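Asks:
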Amino acid sequence: MKDNDHSKIEKRRPSSVPRKSRATTGKQKEYDHVKIEKKWQKEWSKKKAYKADDTSKKPKQYVLDMFPYPSGTGLHVGHPKGYIGSDVYARMKHMQGFNVLHPMGYDAFGLPAEQYAIQHKISPAKAVAENIKTFEKQLSIIGLSYDWERKVNTTDPKFYKWTQWIFLKLYNSWYNLETDKAEPIETLIKKFANEKTDGKDKEEGNWNSKSELEKQSELMKYRLAYEGYAEVNWCPELGTVLANDEVVDDKDGKPVSERGGFPVEKRSMRQWFLRITVYAEKLLLGLEKIDWPEHIKEIERNWIGRSLGAEIGFNIVDSRKQIVAGKEEAEKIRVFTTRPDTLFGVTYLVISPEHALLSKIKDQKLEIKIENWEEVKKYIEKILDAPGSVKGFDDAKQKTGVELKGVKAVNPANGEEVPVWVADYVLASYGTGAVMAVPAHDERDFEFAKKYGLPVRKVLTSEEELFIGYSTLINSGKFDGMDSETAKKAITEFVGGKMVTKYKMRDAIFARQRYWGEPIPLFRDTEGVIHEVPESTLPLKLPKVISYEPTGMGQGPLAKVTAWVKKGYETNTMPGWAGSSWYFLRYMDPKNKKVFADRKKIDYWQDVDMYVGGAEHATGHLLYARFWHKFLFDLGLVPTDEPFKSLRNQGLILGGDNRKMSKRWGNVVNPDDIVMTYGADTLRVYEMFMGPFEASLPWSTENIIGSRRFVEKVWRLAMKVSKVPFDSTFDTRLETLIHKTIQKVSDDIEHFAFNTAISAMMILVNEMEKSDATAQKDFEMFLKILTPFAPHVAEEIWHALGHKTLIVSETWPKVDAEKMKESQVKIVVQVNGKVRGEIIVALDTVESEIVTVAQALPAVDKWLLGNEIKKVVYVPLRLVNFVV
Ligand code: ANZ
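Residue numbers 192 to 1075, in this note's numbering, belong to the letters of the sequence shown in order.
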């Protein structure tokens, strides 16, 4: 299709869009959305209708959107979907009497702004400022109820001062396993300093006699922000490090950069890390008490990857060289297994290519001889040099390995000697980096054993050759007949192993070799000792540079700034997720110069009640923000240990062609055009009416007309209603429907079921349209529940009906349970089975009276006249049939 939706909008005007001549009959006022929307946006802003109050006596409600990255291309119609959803929710809460905090801001550090700046040869700061302007203009015309005075921008030094401050807190903290929380590093230093008094640490020398550098490297093992080395994907051509998902395989299976297709290699690089792993258990447990979509929780659980298993030691034959407690002991290979019940089925061991045993052998620290050392060495080198090779558990990959000839390990369960292999399917960084292979009951071991002709021994009852489930033990000595679950513990105890918990999650790299990020507030003196930038001098501002490109040497542009390097400042900057890990706290007190947020204000706002954003942030932002929050909680700086009580994810709005909306596909629809042609209220109603909030659905400019018609119908109805005396009595059936609709809309908004709330209102509007007696006071109740969705038109009508206050701050209508009960019913009247009319009667009307009234209907009477009624069939509260 040549013509995309975008061009359609510009060329066409929907039939239901009013022109000057349309939609006005007689004295009826025209629905001019442009004028109305501008007028009320201005008025709300002037009256500070959405200002949140930090000292209110009302209950608080903090409704937050994941703040956007202000890219150069601006918003498309998909972006506001989440914002509109949270806005509807926030507006209802506001009308229900809550003191609502509903802020907006910008997450603006990171690669896109940097790329944009490089391309357009302007500073990222300038690019960001321009982009923010565009965004703000686009957001403002949608009529979102933000308290704009609380705006934050992560790249503003006044903001990142506090990001740096929190970083220093992390740097200056350690995780005390005894108290099970983070504590200032001083408590650890004190501990170390005291240890010398009881002489424990004699061999290593006491703490106080250590040099600054020695102390530094010791403390670095505990700090929650620490310096270390990590294998990274290095792309020489781009001069930069790439994330795993930025690396793809070329046609020969060689790793290349996704952008440009340049070769990628592995390189060990100095990095800063955050020790998120110490919070693994708390991050898991916390999920149990928050109201988040189950699938997001599950993604986090899998990412954390908790695994309960056993650590079991296998002695290496003829390897006595270790002295433990004065006795010579064999070198051990410790394995981590989740299935100690299969220990009798081990036919070989596997260690990872990076396993410490290999370097010990290489450095001749052990008496072990490997007969084929050259072959092994070559294999290890090949594996370790292959970039992206050990990315993770990649079960689909061909497994390779080499036997360490001459090396045997002893199975502690039965004394059997088994061969030891080094293979690429065992990860160095998980468990102990060594595996006991049980090919009969593990898929990977099975595949490997088949490939290299290793024995397979069954130890669990089953028909299959490969059985990975649980069952009864066989070939397991005295444990035969025991069930797997019991055997796990029994066998672990029998061989002196210990039950342990492992996590797949790794510490988070907290550094980029790029320019556009928060400077890390540390510097190194000429001796190599790291110092903090004093708190009182924060923020440490990003220096000006001439070019924003990386150096090409694996260092960021800051490494080229002589004055910066001279002062010993860190040349890495923080990653894109630093500011977003705590920004929600800053909204509570965005202008504070003394603290990241005043404690009294934090105590009032507590945490985010409702957080709305994309599901793609499950393992990134959401996990990091929870981690920082738990850390701040440990330090006593925030009152809650979870930042986001409830979370809702909006689905995407796809292009009309069912593809992701993107410039690349030419299917982008700009919200500005939609607002101009149809109005913000129509856009809001349409996006909420499209389907379930969390579903991804295609945009349709055809369908938006339906939403526009609904808004117009309300407009016309208002004109009609205003002619009915304010307190007139009317159709009680309609009254019942109004109360039922209020109930439904309230419940639906509460549960983010916006589409069904709108259809309920559509039904009500149709009924009101049919009736000639909708009283103004009842219509106004409807108008109030429409307000969260279509605030501008509601406000205009509200004022046209004579009100002086703002409807957006009116009280949410209360449902009258009595009125919700049906008090009248409609009864169909038939003659000989043919419908001839209907009557409406009170619920408690007796049968004889109903028959009398039915019979008297002129349309019925006509058919009865001159005939003898043979029978009257009455179906209670539904039907009367006269048989003649
Ligand atoms: C023997 C065994 C027998 C295993 C059996 C499984 C089934 P999860 O559940 O993901 O934690 N393993 C341990 N460390 C490994 C490493 N560094 N690289 C690759 N694989 C590793 O997986 C734990 C299981 O994965 C462990 O239990 C071990 O294989 C393997 F019938 O031990 B098992």
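By construction, the Cβ of each residue, glycine as well, lies at the ideal position given by its N, Cα and C atoms.
Just so it is clear, the structure is predicted and the values come from calculations on it, not from any experiment.
I'd like to confirm something about R525: is its beta-carbon nearer than 7 Å to some heavy atom of the ligand ANZ, or not?
Replies: For the ligand ANZ, not one heavy atom lies less than 7 Å from the Cβ of R525.
Asks: Report yes if the C-beta of D674 is less than 7 Å from at least one heavy atom of the ligand ANZ; otherwise report no.
Replies: Flag unset: Cβ of D674 not near the ligand ANZ.
Asks: Tell me whether N290 sits in a helix, a strand or coil according to DSSP, three-state version.
Replies: Note: N290 maps to strand in three-state DSSP.
Asks: Taking 7 Å as the cut-off, is the CB of R530 close to at least one heavy atom of the ligand ANZ?
Replies: Flag set: Cβ of R530 near the ligand ANZ.
Asks: By the three-class DSSP mapping on this structure, what secondary structure does K800 have?
Replies: Checking the sequence, you will find Asp at residue 800 rather than Lys. In the structure shown, D800 sits in a strand (DSSP, three-state: E or B).
Asks: Measure the Cβ-Cβ separation of F824 and T831 and say whether it is below 8 Å.
Replies: Against a cut-off of 8 Å, the Cβ pair of T831 and F824 comes out as a contact.
Asks: On the CB-based measure, 16 or more other CB atoms within 10 Å of its CB, does G419 come out buried or exposed?
Replies: Exposed is the call here.
Asks: If we ignore side chains and look at the alpha-carbon of each, how far apart do G687 and K488 end up?
Replies: Taking the straight line from one Cα to the other gives about 36 Å.
Asks: By DSSP, does S498 sit in helix, in strand, or in coil?
Replies: Of the three classes helix, strand and coil, the one that applies to S498 here is strand, per DSSP.
Asks: How big is the Cα-Cα spacing for M257 and N763?
Replies: When rounded, the distance between both Cα atoms is 26 Å.
Asks: Relative to the C-alpha of Y815, which residue among G846, S772, M779, K791 is closest?
Replies: Out of G846, S772, M779, K791, S772 has the C-alpha closest to the C-alpha of Y815.
Asks: What does the Cβ neighbour count give for T717, buried or exposed, with the cut at 16 atoms within 10 Å?
Replies: The residue in question, T717, is exposed, as its Cβ has fewer than 16 Cβ neighbours within 10 Å.
Asks: My output table needs one value for E1026: the three-state DSSP class, helix, strand or coil.
Replies: The residue asked about is misnamed: residue 1026 is Val in this sequence, not Glu. Residue state, collapsed to three classes: strand.
Asks: So within the segment 408-434, which uninterrupted beta strand (DSSP E) runs reach at least 3 residues, ignoring any that extend past its ends?
Replies: Listed in chain order, the complete beta strand (DSSP E) runs (minimum 3 residues) inside the segment 408-434 are 416-426, 431-433.
Asks: Determine the closest residue to A299 out of P261, L813, K324, N1023, with distance taken between C-alpha atoms.
Replies: The candidate whose alpha carbon is nearest that of A299 is P261.
Asks: What three-state label does DSSP hand F326 in the structure shown?
Replies: Helix at F326.
Asks: Nearer than 7 Å: is that true of the beta carbon of D633 relative to any heavy atom of the ligand ANZ?
Replies: Because some heavy atom of the ligand ANZ lies under 7 Å away, the Cβ of D633 counts as near it: yes.
Asks: Would you call R282 buried or exposed, if buried means 16 or more other Cβ atoms sit within 10 Å of its Cβ?
Replies: Label assigned to R282: buried.
Asks: Would the segment 404-417 count as touching the segment 364-372 if we require 3 or more Cβ pairs under 8 Å?
Replies: Judged by Cβ distances under 8 Å, the segment 404-417 makes contact with the segment 364-372, as three or more pairs qualify.
Asks: From the DSSP output, read off the bridge partner residues of P1082.
Replies: This structure leaves residue 1082 out entirely; the chain is present only between 192 and 1075.
Asks: According to DSSP, is F453 helix, strand or coil?
Replies: Reduced to three states, the DSSP call for F453 is coil.
Asks: May I ask which residues mark the beginning and end of the alpha helix (DSSP H) holding A951?
Replies: Start and end: 945-961.
Asks: Just checking T652 against the ligand ANZ - is the residue's beta carbon closer than 7 Å to any of the ligand's heavy atoms?
Replies: Not so, every heavy atom of the ligand ANZ lies at least 7 Å from the Cβ.
Asks: Within 7 Å: the Cβ of K693 and any heavy atom of the ligand ANZ?
Replies: Correct: K693 has its Cβ closer than 7 Å to the ligand ANZ.
Asks: Rounded to the nearest angstrom, what separates R900 and N290 at their Cα positions?
Replies: Answer to the nearest angstrom: the Cα atoms are 34 Å apart.
Asks: On the three-pair Cβ rule with 8 Å, is the segment 853-866 touching the segment 272-287?
Replies: Too few Cβ pairs lie closer than 8 Å, so no.
Asks: Does the ligand ANZ have even one heavy atom less than 7 Å from the beta-carbon of T663?
Replies: No; taking the cut-off as 7 Å, the Cβ of T663 has no heavy atom of the ligand ANZ nearer than that.
Asks: If contacts are defined as beta-carbon pairs under 8 Å, then A699 and L359 qualify, I think. What distance do you get, rounded to the angstrom?
Replies: Not quite, the Cβ-Cβ distance comes to about 17 Å (not below 8 Å), so this is no contact.
Asks: Hey, would you say the C-beta of I659 is under 7 Å away from at least one heavy atom of the ligand ANZ?
Replies: It does: the Cβ of I659 is within 7 Å (strictly closer) of some heavy atom of the ligand ANZ.
Asks: In whole angstroms, what separates the C-alpha of P710 from that of T753?
Replies: Taking the straight line joining both Cα atoms gives about 15 Å.
Asks: Can you tell me the Cα-Cα spacing of P741 and L548, whole angstroms?
Replies: The alpha-carbon atoms of P741 and L548 are separated by roughly 38 Å.
Asks: May I have the straight-line CA-CA distance separating D794 from E885, to the nearest angstrom?
Replies: Each residue's Cα considered, the two are about 32 Å apart.
Asks: Does DSSP classify H722 as helix, strand or coil?
Replies: Here H722 sits in strand by DSSP.
Asks: Compare the Cα-Cα distances from L478 to each of K233, E369, E833, Y297 and report the closest residue.
Replies: Among K233, E369, E833, Y297, the Cα nearest to that of L478 belongs to E833.
Asks: Quick one: residues in its chain with C-beta nearer than 7 Å to the C-beta of D245, no 5 flanking neighbours on either side, listed in chain order?
Replies: K792, Y795.
Asks: Applying the criterion that 16 or more other CB atoms from any shown protein chain within 10 Å of the CB defines a buried residue, is P979 buried or exposed?
Replies: P979 should be labelled buried.
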